[in-house]
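Those letters in the sequence shown? Residues 11 to 407, by this note's numbering. No residue lacks a Cβ here, since even glycine has one placed at the ideal position from N, Cα and C. Bear in mind the structure is a predicted one, so any value in this text is a computation, not a measurement. What follows is a set of notes on a single structure, which appears directly below.
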Amino acid sequence: MSTLYEGERLALNPHPVVYRFFPAERVFGSLVVFIPGMAHNARISYGGHPGSHAQGFLAYWFNDEGHSFLGLSYPLDSDSLMPATSPDFTIPEWGLQAAAVIHDVIVGHRLPSRVIILAWSMAGKILHPVAAYCRELNIEVELFVSLAATPALPGLLPVPPRKDIVKTAAGYATKPSLEKKFLQQIEEQTNSRSGSERYLHRNDIPRHILIGDQPIIDPVTYKRDYLGATPIGLTASGLRYDTEKNDFVEEEPGKLMEHGQVHDFKNLPPMAAIFASSALDFRHALTDKPIWGHLMIQRATCRLIDEGISDLCSEPGVADPIDFQQLQEAILKIPELMTMEIPGNHFFFVGADGARKTVDMVIILLGVMARHEREIKRILSTLRRKKSSGGDGGQAN
Numbered sequence: 011m012s013t014l015y016e017g018e019r020l021a022l023n024p025h026p027v028v029y030r031f032f033p034a035e036r037v038f039g040s041l042v043v044f045i046p047g048m049a050h051n052a053r054i055s056y057g058g059h060p061g062s063h064a065q066g067f068l069a070y071w072f073n074d075e076g077h078s079f080l081g082l083s084y085p086l087d088s089d090s091l092m093p094a095t096s097p098d099f100t101i102p103e104w105g106l107q108a109a110a111v112i113h114d115v116i117v118g119h120r121l122p123s124r125v126i127i128l129a130w131s132m133a134g135k136i137l138h139p140v141a142a143y144c145r146e147l148n149i150e151v152e153l154f155v156s157l158a159a160t161p162a163l164p165g166l167l168p169v170p171p172r173k174d175i176v177k178t179a180a181g182y183a184t185k186p187s188l189e190k191k192f193l194q195q196i197e198e199q200t201n202s203r204s205g206s207e208r209y210l211h212r213n214d215i216p217r218h219i220l221i222g223d224q225p226i227i228d229p230v231t232y233k234r235d236y237l238g239a240t241p242i243g244l245t246a247s248g249l250r251y252d253t254e255k256n257d258f259v260e261e262e263p264g265k266l267m268e269h270g271q272v273h274d275f276k277n278l279p280p281m282a283a284i285f286a287s288s289a290l291d292f293r294h295a296l297t298d299k300p301i302w303g304h305l306m307i308q309r310a311t312c313r314l315i316d317e318g319i320s321d322l323c324s325e326p327g328v329a330d331p332i333d334f335q336q337l338q339e340a341i342l343k344i345p346e347l348m349t350m351e352i353p354g355n356h357f358f359f360v361g362a363d364g365a366r367k368t369v370d371m372v373i374i375l376l377g378v379m380a381r382h383e384r385e386i387k388r389i390l391s392t393l394r395r396k397k398s399s400g401g402d403g404g405q406a407n
């Protein structure tokens, strides 16, 4: 039987979803939507358990900056949260479910039809599906931010041995070995308070959550209220759930690409990535920048093709080498501009200091993106002007 936290709502559409909306008192920006990774519900972004403090989680700090916030939990096998009725849930269904809830919240609260999506860990796989379904609902994904997330590209994750994946009675997947690793990282975040002294003057933040003498989430509460088993089809483990056999079976080759559609570069939303510095999250610390940078550059190039870059560069003498070099540099520096490293591990956004820093980075990335888009438009405008004037920029001889 589900026991929801204050403000949470359970819906069946038709798959179960639990979400909580946090309206900002003064709205200055887009709705921020958090989508959690494997084995976790969205409480990891807003807390709410007895004894917790809102200031230790993302929702509080986004509200503080004028952004309403939505935490959105996909179907989990978790007695305390929702019915375990969707073991065959897929990545496209995840994107559809997220977009539908986002739409309902935007309409219900009369919010602007644009969102910033924070995808943590496994949630990187819905990059294309959620953007596509939001587009159908006339919702602009202003920015898709990877929080140590993995996109739907094959081969990025090692396929775990079959014996390491346990099927629950309801048909969901769990990896018992992960729980210890998760708890280790949350403890590291609790003990890390680099920079927290800058908030000691704020009366709205209890001192003990800044100096680290109490856990952000105690282990018993974490295991009971924050974790659950995951639909196997979301995990990129090479398996899917067979409803007739009530068992995991081998997934068809290419299914991850088919479901994730991440190779449809031109229809990806604007992207950014925040990744951790800790050795406890070494894979993301080492690979997130080049992986997400690849997707960013491919998207930008496809958009240039749609803007007619082929015509602008096809005639000798029209595309000034200096102008094209400026365009090349602008595209190639996107990964440097739109990725940021943050102190911490896979849970870097948990705790007052990490949550605040994450919010600061998202806001910085939004500004960087806007300035960079203006720069590219300026360069393209120069190229078009020179083409229309025959390559001399319109200057008299």
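Straight across, the Cα-Cα distance linking R172 with I242 is about 12 Å. In this structure, DSSP gives A362 a helical state, which the three-state scheme calls helix.
For the pair of segments examined, the segment 95-111 was found not to touch the segment 185-200: the number of CB pairs separated by less than 8 Å stays below three.
DSSP lists no bridge partner for W104. Leaving aside the five residues that flank G58 on each side, the residues in its chain whose CB is nearer than 6 Å to its CB run, in chain order, Y15. According to the DSSP assignment, R30 belongs to the beta strand (DSSP E) that extends over 26-32. Around the beta carbon of G118, fewer than 16 other beta carbons lie within 10 angstroms, which makes this residue exposed. Scanning the segment 104-155 from its first residue to its last, the whole beta strand (DSSP E) runs of 3-plus residues come out as 124-130. Assigned with DSSP and collapsed to three states, H50 falls in strand. Less than 8 Å separates the beta-carbon of I101 from that of K135. Scanning the segment 277-351 from its first residue to its last, the whole beta strand (DSSP E) runs of 3-plus residues come out as 281-286.
Ranking F38, S40, E35, F44 by CA distance to the CA of Y29 puts F44 first.
Where Y251 is concerned, there is no enclosing alpha helix (DSSP H), although the beta strand (DSSP E) around it starts and stops at 249-252.
Taking all protein chains shown into account, Q338 has fewer than 16 neighbouring C-beta atoms within 10 Å of its C-beta and is therefore exposed. When secondary structure is reduced to three states using DSSP, E189 falls in the helix class. Here the alpha carbons of C312 and H294 stand approximately 26 Å from one another. The shortest CA-to-CA distance from F285 to any of K343, G364, Y70, E262 is the one to G364. Close CB contacts of E261 within its chain, under the 6 Å cut and outside five residues either way in sequence, are with G248, L249, R250 (chain order).
Membership of L22 in the beta strand (DSSP E) is indicated by the continuous run 18-22.
The C-beta of T297 has fewer than 16 other C-beta atoms within 10 Å across all chains shown, which makes the residue exposed. Judged by their CB atoms, L290 and E198 are nearer to each other than the 8 Å cut-off. The segment 107-115 makes contact with the segment 124-140, as at least three CB pairs between them are under 8 Å.
For the 8 Å CB-CB criterion, L393 and L278 do not form a contact. Looking from the CA of S156, the closest CA among I389, F275, A282, L305 belongs to A282.
Collapsing the DSSP output to three states places E262 in coil. With respect to E75, V369 sits close: the two C-beta atoms are nearer than 8 Å.
Y236 is a Cβ neighbour of I54, given a cutoff of 8 Å. Distance between Y84 and A179, taken at the CA atoms: about 19 Å. In this structure, DSSP gives V378 a helical state, which the three-state scheme calls helix. Under the three-state reduction of DSSP, G39 is assigned to coil, being neither helix nor strand. With respect to the C-alpha of P26, the residue from G61, Q107, G81, G17 having the closest C-alpha is Q107. Between the alpha carbons of I352 and P280 lies a distance of about 20 Å. Here D257 has no same chain residue with a Cβ atom under 6 Å from its own Cβ, once five neighbours each way along the sequence are excluded.
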